[in-house]
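Notes follow once the structure below has been shown.
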Amino acid sequence: MDSARAPVNLDKIISDFNVWEEAAAAVLQENNRLSLQVKHLQRQCTLYQEAEKCYINDITLLRCSTERLQNALAKRCDFENENAALRDQIVALHKSTVLLEMEHKKQIAESLDTLKAAHEAHKTELLRAQELVQRQSKQEIEVLQRQIQEKNAELRQIQKQLSDVERDRHTEVVKLRLEYDAKLLKLQKQRAQSDQPSSTNHEVYRKKLQHQKAESDQEIATLKAQVQDLQRQLATFGKKK
């Protein structure tokens, strides 16, 4: 059995081992290189992803800007259409304004003619009314003058009555005062009589004097009120005049 085993070629084995070792070193080196390349590619992928996000944001912004521009352009087209419609309306309004101005001038001319005729009629009527007012005023003035004269005469009569009443009152007061003094002197001389009757007579004369004085004052107040009323009436007549 041992004689049947093939002989071992050590050189070939060592040579193959060296080849495998070199191949393993090459593979390990290649693996390291690939690992570094993978890391580099991963970093680039991360950067590309971040760049993609930025590009997506930029695209979104560009899309929004495009939409805004499209809306602005659409609005501008609408504005141009509205401006065209407004220009047509302005032309139509201008024509209407010209027609209205012509009609207004015509109406103003007619109104001026009517106003002139009315002014002449009013002037004639005013002259007629002034003449009538002057005649009526003259008549009223004459009536007021007669009334003033009558009131003045009545006022003088009342003033005379007031003067007579004041004179009579003064005379009556003097008379009563003298009687009062005489009675008082007489009562003082009657010492034999009691004090009660003397006081009673004194009180009777005092009340009589006060009663006559009150009547005179009331009559004078009445006459003064009549004088004041006549003076107010005269002042009113003077203002009307």
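For the sequence shown, the positions run 34 to 274 when my numbering is used. Using N, Cα and C, we set each Cβ at its ideal position, and we do this for glycine too.
Task: Neighbourhood of Glu199 by C-beta distance below 7 Å, restricted to the same chain and skipping five residues each side - done: Ile253
- [ ] Pair every Cβ in the stretch 183-196 with every Cβ in the stretch 246-261, then say whether three or more of these pairs are closer than 8 Å.
- [x] yes
Open item on the list: For Asp250, tell me which candidate among Asp201, Leu165 and Leu133 has the shortest Cα-Cα distance.
Closed with: Asp201
Open item on the list: Please state whether the Cβ-Cβ distance between Leu177 and Leu263 is less than 9 Å.
Closed with: no
Task: Nonlocal neighbours in the same chain, by C-beta distance under 7 Å from Asn64, ignoring five residues either side - done: none
Open item on the list: Distance check for Asp146 and Gln261, CA to CA, integer angstroms please.
Closed with: 58 Å
- [ ] For Arg66, decide whether its Cβ has a neighbour in chain D, counting only Cβ atoms nearer than 9 Å.
- [x] The question asks about chain D, but that chain is absent: this structure has only one protein chain.
TODO: Consult DSSP for Asn42 and reduce its assignment to one of helix, strand or coil.
DONE: coil
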